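Participant:
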Amino acid sequence: MIATPETKLNDTKLPRLLTQLPGPKAKQVLEQDTKYMSPSFTRDYPLVAKRGHGAVVEDVDGNTFLDFAAGIAVCSTGHCHPKVVEAIQKQAAELIHMSGTDFYYESLPQLAEKLVNTVPGADPKKAFFTNSGTEAIEGAMKLARYATKRDKFIAFYGCFHGRTMGALSLTASKSTQRKGFGALLAGVEHIPYPNAYRCAHDHTAETCGAEILETLERQVFKRLFDPEEVAAIVIEPIQGEGGYVTAPKFFLQELQRICRQHGILFILDEVQSGMGRTGKWWASEHAGVEPDILCSAKGIASGMPLGAFVARSRIMNTWKPGSHGTTFGGNPVCVAAALATMDLIGSEYKENARRMGDYLFAKMADWTKEFKIVGDVRGRGLMIGIEIVRDQRTKEEAPDLRNAIVDAAFHKGLLILGAGANTVRLSPPLLIDEEQADFALRILEECITKAQKKA
Ligand SMILES: Cc1ncc(COP(=O)(O)O)c(C=O)c1O
């Protein structure tokens with residue numbers, strides 16, 4: 001149903017624009033924001049959100065939008081799912097904070113049990129809860145160093161792991177994210193990420209990356225770091241901020257083999273790709289790998305600030321009381337939201353993400369033929385990247401055209417985000433239906449056609 005000024009947001013599935021964008025109230029917020037907020041953020045367009053329900057967001061002027069960004073892949077169960085809201089309200093009235101670092105409360109091990117049981121591998125596992133994705137990565141790095149008594153890390157170009165100093169040392173997504181912050185953690189080496197669309201060796205999506213593994217074993221391990229000094233290899237099974245690039249199955253499996261061979265921990269960053277987004281709990285499950293440490297955040301609590309890392313118990317059990325902690329991580333209200341979120345993802349939305357992902361990919365199967373500026377359509381489930389190029393033959397990146405598409409979509413009521421230099425990312429809530437998918441496809445087709453005329 002399309003929103004009208006009379007309909008309630010809860011009855012709305014498709015957007016309706018009532019004012020020019022930004023509207024008058026939105027303009028006031030933008031002015032205040034410019035005056036008082038840090039300018040380090042990267043807002044693509046002036047959405048000033050007020051309310052949300054399902055996959056629909058209403059702005060301060062009463063315009064409604066179909067949300068295919070989900071607060072950067074966070075609102076997994078949609079905006080304000082009644083079961084999540086109820087869980088938050090009930091918990092907030094009962095106990096808001098206690099700190100799991102110093103005290104116990106029953107929901108904390110409950111969520112830990114639920115979470116570790118989703119992570120592949122027969123070994124027993126334990127969880128540590130954090131406030132964010134970057135804190136999960138930070139904790140995983142500390143645990144890797146602590147457990148292995150080694151201090152080096154291998155990470156990948158294009159990957160994004162967060163903005164705190166440790167995680168930022170692994171991040172090699174955009175130089176602006178590192179520029180100006182001085183020396184980062186020593187002992188981190190980056191190697192290329194397998195990107196089949198831009199593979200220098202003309203490999204397919206199944207075989208791309210063999211040369212990278214060879215470089216790791218023959219160059220990095222021989223000339224830079226003895227593998228016995230490497231604590232962990234950290235990888236996103238699907239690059240998020242880097243442009244929704246999927247690592248081939250064999251690549252992740254080989255990486256795991258190399259890790260096992262040298263006693264290196266295999267850390268998967270599933271902060272963006274996890275929590276049902278690809279149709280399984282974890283994107284890495286599609287490759288059949290079993291991480292030593294897995295990091296999660298974003299979709300885990302439908303928008304409440306929560307992250308986690310899960311490690312094999314024999315690894316987690318190495319560190320001693322006091323070696324790592326957090327005041328807010330695993331806050332009872334966030335945990336309540338996560339318990340409700342995981343119930344919904346497990347019972348319904350994980351499968352819906354798979355089904356709707358298949359639906360969207362089928363509809364976009366010919367886009368590289370239909371649009372000369374669409375170089376590649378890729379991803380899994382509801383983690384979809386559309387790479388925009390100036391020329392399909394040269395594959396020249398077209399960030400200006402990508403930005404034009406993202407902006408035009410906003411002005412037609414569809415919220416999307418960019419990822420990487422020139423990729424449009426689709427990361428809707430996992431509950432979207434066919435009507436909403438069709439609407440998004442239609443708007444995207446119109447915006448790509450319009451941008452194409454400028455190419
Ligand atoms: C894969 C990945 N890891 C880590 C992070 C950092 O998460 P946060 O922004 O919650 O610190 C992000 C955020 O985009 C991410 O996509």
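Every letter in the sequence shown is one number past the one before it in the working numbering, and letter 25, counting from 1, is 25. All C-beta atoms in this analysis are idealised placements derived from N, C-alpha and C, irrespective of residue type, glycine included. If you're wondering where the values come from, they're calculated on a predicted model, not measured in any experiment.
#1: Measuring CA to CA, which of Ser273, Ala311, Thr12, Ala144 is closest to Ala232?
#2: Does the distance from the C-beta atom of Tyr193 to that of Ala419 stay below 7 Å?
#3: So does Gly299 have its beta carbon nearer than 6 Å to some heavy atom of ligand 1?
#4: With three or more beta-carbon pairs closer than 8 Å as the criterion, would you say the segment 252-261 touches the segment 312-322?
#5: Classify His190 as helix, strand or coil using the three-state DSSP reduction.
#6: Jot down the residue ranges of each uninterrupted alpha helix (DSSP H) in the segment 4-74, minimum 4 residues, whole runs only, in chain order.
#7: Just how far apart, CA to CA, sit Phe439 and Gln91?
#8: To the nearest angstrom, how far is the alpha carbon of His53 from that of Leu344?
#9: What I want to know is whether the C-beta of Val271 ends up closer than 6 Å to one or more non-hydrogen atoms of ligand 1.
#10: So, does the segment 339-358 touch the segment 147-162, judging by three or more C-beta pairs under 8 Å?
#11: Output yes or no for whether 7 Å exceeds the beta carbon distance between Thr19 and Val56.
#12: Check whether the segment 297-311 and the segment 330-339 touch, using three or more Cβ-Cβ pairs below 8 Å as the test.
#13: Looking at the secondary structure, which residues open and close the beta strand (DSSP E) in which Arg163 lies?
#14: Taking the runs of the beta strand (DSSP E) that are 3 residues or longer, which of them lie wholly in the segment 225-305?
#15: Assess, as a yes-or-no matter, whether the segment 94-101 is touched by the segment 322-335 under the definition of 3 or more beta carbon pairs within less than 8 Å.
#16: Identify the residues that DSSP records as bridge partners of Val377: which are they?
#17: Would you list the residues sitting across from Ala127 in a DSSP beta bridge?
#18: Using C-beta distances below 6 Å, list every residue in its chain close to Ala247, excluding the 5 sequence neighbours before and after it, in chain order.
#19: Buried or exposed for Lys35, please, with buried defined as at least 16 other CB atoms from any protein chain shown within 10 angstroms of its CB.
#20: Mind the definition here: the segment 389-398 touches the segment 20-31 only if three or more C-beta pairs lie below 8 Å; say whether that holds.
#21: Cα separation between Thr77 and Lys350?
#22: Between Ala409 and Leu444, which are expected to be in contact by the criterion C-beta below 8 Å, what is the C-beta distance as a whole number of angstroms?
#23: Within the same chain, show all residues whose beta-carbon is closer than 6 Å to that of Trp281, passing over the 5 residues directly before and after it, in chain order.
#24: Which residue wins for smallest C-alpha separation from Ile264, given the options His411, Thr207, Lys149?
#25: Can you tell me which of the three DSSP states Asp391 falls into?
#26: Is Ile212 closer than 7 Å to Val234 when the C-beta atoms are compared?
#27: For Ser175, is the beta carbon positioned less than 6 Å from some heavy atom of ligand 1?
#28: Using three-state DSSP, classify Glu396 as helix, strand or coil.
#29: For a test of the three-state rule: what should DSSP assign to Leu414, helix, strand or coil?
#30: Is the beta carbon of Pro46 sitting closer than 7 Å to the one on Leu30?
#31: For Ala419, write down the residues that DSSP places opposite it in a beta bridge.
#32: For His79, which beta-bridge partners are listed by DSSP?
#33: Cα separation between Lys125 and Cys80?
Facilitator: The answer reads as follows:
#1: Residue mapping note: residue 232 aligns to position 232 of the sequence shown, counting from 1. Comparing Cα-Cα distances from Ala232 to each of Ser273, Ala311, Thr12, Ala144, the minimum goes to Ala144.
#2: Walking along the sequence shown from the start, residue 193 turns up at place 193. Walking along the sequence shown from the start, residue 419 turns up at place 419. Their beta carbons are not under 7 Å apart, which means Tyr193 does not touch Ala419 by this criterion.
#3: As a first step, residue 299 is located in the sequence shown; it is residue number 299 there, counting from the start. No, Cβ of Gly299 sits at least 6 Å from all heavy atoms of ligand 1.
#4: no
#5: Numbered from its first residue, the sequence shown carries residue 190 at position 190. His190: strand per DSSP, three-state reduction.
#6: 24-36, 70-73
#7: By one-based count along the sequence shown, residue 439 stands at place 439. By one-based count along the sequence shown, residue 91 stands at place 91. If you take the alpha carbons of Phe439 and Gln91, they lie about 37 Å apart.
#8: Reading the sequence shown from its first residue, position 53 is the one you call residue 53. Reading the sequence shown from its first residue, position 344 is the one you call residue 344. Using only the alpha carbons, I get a separation of about 15 Å.
#9: Along the sequence shown, read from residue 1 onward, the residue named residue 271 stands at position 271. The answer is yes for Val271.
#10: no
#11: Here residue 19 is taken as the residue at index 19 of the sequence shown, counted from 1. Here residue 56 is taken as the residue at index 56 of the sequence shown, counted from 1. No, the Cβ-Cβ distance between Thr19 and Val56 is not below 7 Å.
#12: yes
#13: Numbered from its first residue, the sequence shown carries residue 163 at position 163. Note, Arg163: premise wrong, no beta strand (DSSP E); not H, not E.
#14: 230-235, 265-269, 293-296
#15: yes
#16: Walking along the sequence shown from the start, residue 377 turns up at place 377. Bridge partners of Val377: Ile386.
#17: One-based indexing of the sequence shown puts residue 127 at position 127. According to DSSP, Ala127 bridges with Val310.
#18: Translated into the one-based positions of the sequence shown, residue 247 becomes position 247. Excluding positions up to five away in sequence, the list reads Pro194, Pro237.
#19: Within the sequence shown, the letter at position 35 stands for residue 35. Exposed: under 16 other Cβ atoms inside 10 Å.
#20: no
#21: Residue mapping note: residue 77 aligns to position 77 of the sequence shown, counting from 1. Residue mapping note: residue 350 aligns to position 350 of the sequence shown, counting from 1. Their Cα atoms are separated by approximately 10 Å.
#22: The count along the sequence shown starts at 1 and reaches residue 409 at position 409. The count along the sequence shown starts at 1 and reaches residue 444 at position 444. So it is a contact: roughly 7 Å between Cβ atoms.
#23: One-based indexing of the sequence shown puts residue 281 at position 281. The answer, listed in chain order, is Thr118.
#24: The sequence position of residue 264 within the sequence shown is 264, counting from 1. Nearest of His411, Thr207, Lys149 to Ile264, Cα basis: Lys149.
#25: As a first step, residue 391 must be located in the sequence shown, where it is residue number 391. Asp391 falls in the strand class under three-state DSSP.
#26: On the sequence shown, position 234 is the one that residue 234 refers to. On the sequence shown, position 212 is the one that residue 212 refers to. Result no, Cβ atoms of Val234 and Ile212 do not sit closer than 7 Å.
#27: Position 175 of the sequence shown, counting from 1, holds the residue named residue 175. Result no, Cβ not under 6 Å from ligand 1.
#28: Numbered from its first residue, the sequence shown carries residue 396 at position 396. Strand.
#29: Locating residue 414 in the sequence shown gives position 414, counting from the first residue. Leu414: strand per DSSP, three-state reduction.
#30: Your numbering for residue 46 matches position 46 in the sequence shown. Your numbering for residue 30 matches position 30 in the sequence shown. In contact: Pro46 and Leu30 (Cβ atoms closer than 7 Å).
#31: For the purposes of this step, residue 419 is taken as the residue at position 419 of the sequence shown. According to DSSP, Ala419 bridges with Thr423.
#32: Within the sequence shown, numbered from 1, the residue matching residue 79 stands at position 79. Bridge partners of His79: Gly54.
#33: Locating residue 125 in the sequence shown gives position 125, counting from the first residue. Locating residue 80 in the sequence shown gives position 80, counting from the first residue. Each residue's Cα considered, the two are about 31 Å apart.
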